[in-house]
Amino acid sequence: MSNETKRQHTPRRRPDRYRRGYHSDKTSEDTVRRTNGTISVVIPLLNEAESLEILAAKLEKVLQSLAPDKWEVLFIDDGSTDNSFEVIQNLHSRNSKYKCIRFRTNHGKSAALAVGFMYVKGTYVITMDADLQDDPDEIPALISKLEGGYDLVSGWKRKRYDPWHKTIPSKLFNWVTSVMSGIKLHDFNCGLKGYRKEVTESVQVYGEMHRYIPALAHWEGFRVTEIPVQHHPRKYGVSKFGMSRFLKGFLDLLTVLFTTRYVKRPMHLFGAIGSLFALIGFVTDAYLVVEWFLGQTSLSNRPLALFGIAMIIVGVQLISIGLLSELIVKNSSQRERYSIREKLM
Numbered sequence: 016m017s018n019e020t021k022r023q024h025t026p027r028r029r030p031d032r033y034r035r036g037y038h039s040d041k042t043s044e045d046t047v048r049r050t051n052g053t054i055s056v057v058i059p060l061l062n063e064a065e066s067l068e069i070l071a072a073k074l075e076k077v078l079q080s081l082a083p084d085k086w087e088v089l090f091i092d093d094g095s096t097d098n099s100f101e102v103i104q105n106l107h108s109r110n111s112k113y114k115c116i117r118f119r120t121n122h123g124k125s126a127a128l129a130v131g132f133m134y135v136k137g138t139y140v141i142t143m144d145a146d147l148q149d150d151p152d153e154i155p156a157l158i159s160k161l162e163g164g165y166d167l168v169s170g171w172k173r174k175r176y177d178p179w180h181k182t183i184p185s186k187l188f189n190w191v192t193s194v195m196s197g198i199k200l201h202d203f204n205c206g207l208k209g210y211r212k213e214v215t216e217s218v219q220v221y222g223e224m225h226r227y228i229p230a231l232a233h234w235e236g237f238r239v240t241e242i243p244v245q246h247h248p249r250k251y252g253v254s255k256f257g258m259s260r261f262l263k264g265f266l267d268l269l270t271v272l273f274t275t276r277y278v279k280r281p282m283h284l285f286g287a288i289g290s291l292f293a294l295i296g297f298v299t300d301a302y303l304v305v306e307w308f309l310g311q312t313s314l315s316n317r318p319l320a321l322f323g324i325a326m327i328i329v330g331v332q333l334i335s336i337g338l339l340s341e342l343i344v345k346n347s348s349q350r351e352r353y354s355i356r357e358k359l360m
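In structure tokens:
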């Protein structure tokens, strides 16, 4: 075979940056396209003092190259008992772009994100964990997707550095959530996400609903996608993971499905079910009354009569619950209060 033929059949090696799953470790002005928007990074944390200085240094390098002097980092100290807040104070004294809201006690990640969303000002909002498992070098890719027309970009930790007792339940949780929510994502619970500001202003996060922000945004008509992201082993501190999170997560999923469909008109749900129960009870008792009227049977020894009465009672109760829920929704301010100890803004 001639050299010319060899050249024709020798596949050209693609540059590394085009290979699937490739992530550059280098972040510089030459490799990052600057954005015209402003960027806010929201970081909930609980006892992560050892990680914060390292995380801040990585973030500043990325954000300065991506949006020079048009960024802010808002830490939400969710009741830390170590010296996390003191570390953040030092960061704030060196650069006022590092900000913090400190809770008096632990309120949970959803509360931390909800408060963070209320205070940030950026065109684009990035959320990430403080334990160094999320990589700040992924932020440009999230911003690129947002500038490409998506409203929410979720990270997908395709290769995870977590123990099996965390990864297996997580995969099951993500599969069930994907099926029930109707949105095809691999990793709902990934802390690394990018949002347009209007998403954070529209989606209400409370309880433990932070896991379902992509589903909530999707149901409100926002464009949602995901990208593979790097996941690093934990270096400092201990994981806040517990198996109870998954049970709570599935219960929260049922809550999300209910609230997104019936939160404004709960009577549509309770009234429909109550009416069905009452109708079954009414038809059952009507049939027995007709038999009794024709002299074919006695009502006193028919358990079916009690069943019909019970169905009517349950139906009336469900309708009543629907009416009470309507009153609660009408008079509720739909705002939660969080005990904030101090702010560095």
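Here the sequence shown stands for residues 16 to 360, where the numbers follow the numbering used here.
In this text, a Cβ means the ideal position worked out from N, Cα and C, and glycines have one as well.
The structure displayed is predicted, hence computed values, not measured ones.
{"Query": "Residues near A287 in its chain [Cβ-Cβ closer than 8 Å; skip 5 each side]", "Result": "none"}
{"Query": "Residues that DSSP places opposite V168 in a beta bridge", "Result": "G209, T240"}
{"Query": "Helix, strand or coil at D152 according to DSSP, with G and I counted as helix", "Result": "helix"}
{"Query": "For G52 and A72, believed in contact at Cβ under 8 Å, the rounded distance", "Result": "Incorrect: roughly 23 Å between the Cβ atoms, too far for contact."}
{"Query": "Cα-Cα separation, K208 to I198", "Result": "16 Å"}
{"Query": "K358 classed as buried or exposed, judged by whether at least 16 other C-beta atoms fall within 10 angstroms", "Result": "exposed"}
{"Query": "Distance, D84 Cα to Y134 Cα", "Result": "18 Å"}
{"Query": "Three-way DSSP call (helix, strand, coil) for R34 in this model", "Result": "Since pLDDT at R34 reaches only 37, below the 50 mark, its modelled position is unreliable, and the value read off the structure follows with that caveat. Three-state result, R34: coil."}
{"Query": "Same chain, Cβ closer than 6 Å to H233, five either side skipped, listed in chain order", "Result": "I198, V239"}
{"Query": "Cα-Cα separation, H225 to V304", "Result": "53 Å"}
{"Query": "Where L187 falls: helix, strand or coil (DSSP)", "Result": "helix"}
{"Query": "Length of the line joining the Cα atoms of F322 and G296", "Result": "7 Å"}
{"Query": "Rounded distance between the beta-carbons of A301 and V331, thought under 8 Å", "Result": "With 8 Å as the limit, V331 and A301 do not qualify as a contact, their Cβ atoms being about 16 Å apart."}
{"Query": "6 Å Cβ shell around L231 - same chain, five flanking residues per side excluded", "Result": "V218"}
{"Query": "As assigned by DSSP and simplified to three states, the class of E216", "Result": "helix"}
{"Query": "Nearest residue (CA-CA) to C115, options I54, N189, I328, E87", "Result": "E87"}
{"Query": "Sufficient close CB pairs (3 or more, under 8 Å) joining the stretch 86–100 to the stretch 48–63", "Result": "yes"}
{"Query": "Residues near V220 by beta carbon distance below 6 Å, same chain, minus five either side", "Result": "S125, L128, A129"}
{"Query": "Y221, DSSP secondary structure in three states", "Result": "coil"}
{"Query": "Test item: CB-CB of I228 and S290 under 8 Å", "Result": "no"}
{"Query": "Endpoints, beta strand (DSSP E) assigned at V88", "Result": "86–92"}
{"Query": "Option in G310, M326, V271 with minimal Cα separation from V298", "Result": "M326"}
{"Query": "Reference S159; option with closest CA among R211, L319, S193", "Result": "R211"}
{"Query": "Rounded separation between V140 and I328 - CA only", "Result": "50 Å"}
{"Query": "Close Cβ partners of Q104 (< 8 Å) along its chain, the five nearest in sequence each way excluded", "Result": "C115, L359"}
{"Query": "N- and C-terminal bounds of the beta strand (DSSP E) containing F118", "Result": "113–118"}
{"Query": "Distance between beta carbons of I242 and G170, contact taken as under 8 Å", "Result": "7 Å"}
{"Query": "Residue span of the beta strand (DSSP E) that contains E235, given as start and end", "Result": "First-last for E235: undefined, no H or E at that position."}
{"Query": "Where the alpha helix (DSSP H) containing Y139 begins and where it ends", "Result": "That residue, Y139, is in no alpha helix (DSSP H); its beta strand (DSSP E) goes 139–142."}
{"Query": "Counted within 10 angstroms of its Cβ, other Cβ atoms place E101 as buried (16 or more) or exposed", "Result": "exposed"}
{"Query": "Where L11 falls, given that 16 or more other Cβ within 10 Å makes a residue buried", "Result": "Residue 11 lies beyond the stretch modelled for the chain, which goes from 16 to 360, so this question has no answer here."}
{"Query": "Classification of T96 by the beta-carbon crowding that lies within 10 angstroms, buried from 16 upward", "Result": "exposed"}
{"Query": "Own chain partners of S354 with C-beta closer than 6 Å, once the 5 adjacent residues on each side are dropped", "Result": "R119"}
{"Query": "Expected contact under 8 Å - CB spacing of M143 and D149 to nearest Å", "Result": "4 Å"}
{"Query": "Backbone secondary structure at S43 - three-state DSSP", "Result": "Residue confidence for S43 is low, a pLDDT of 41 falling below 50, so the modelled location carries little weight and cannot support an answer."}
{"Query": "Opposing strand residues paired with E357 [DSSP bridges]", "Result": "R117"}
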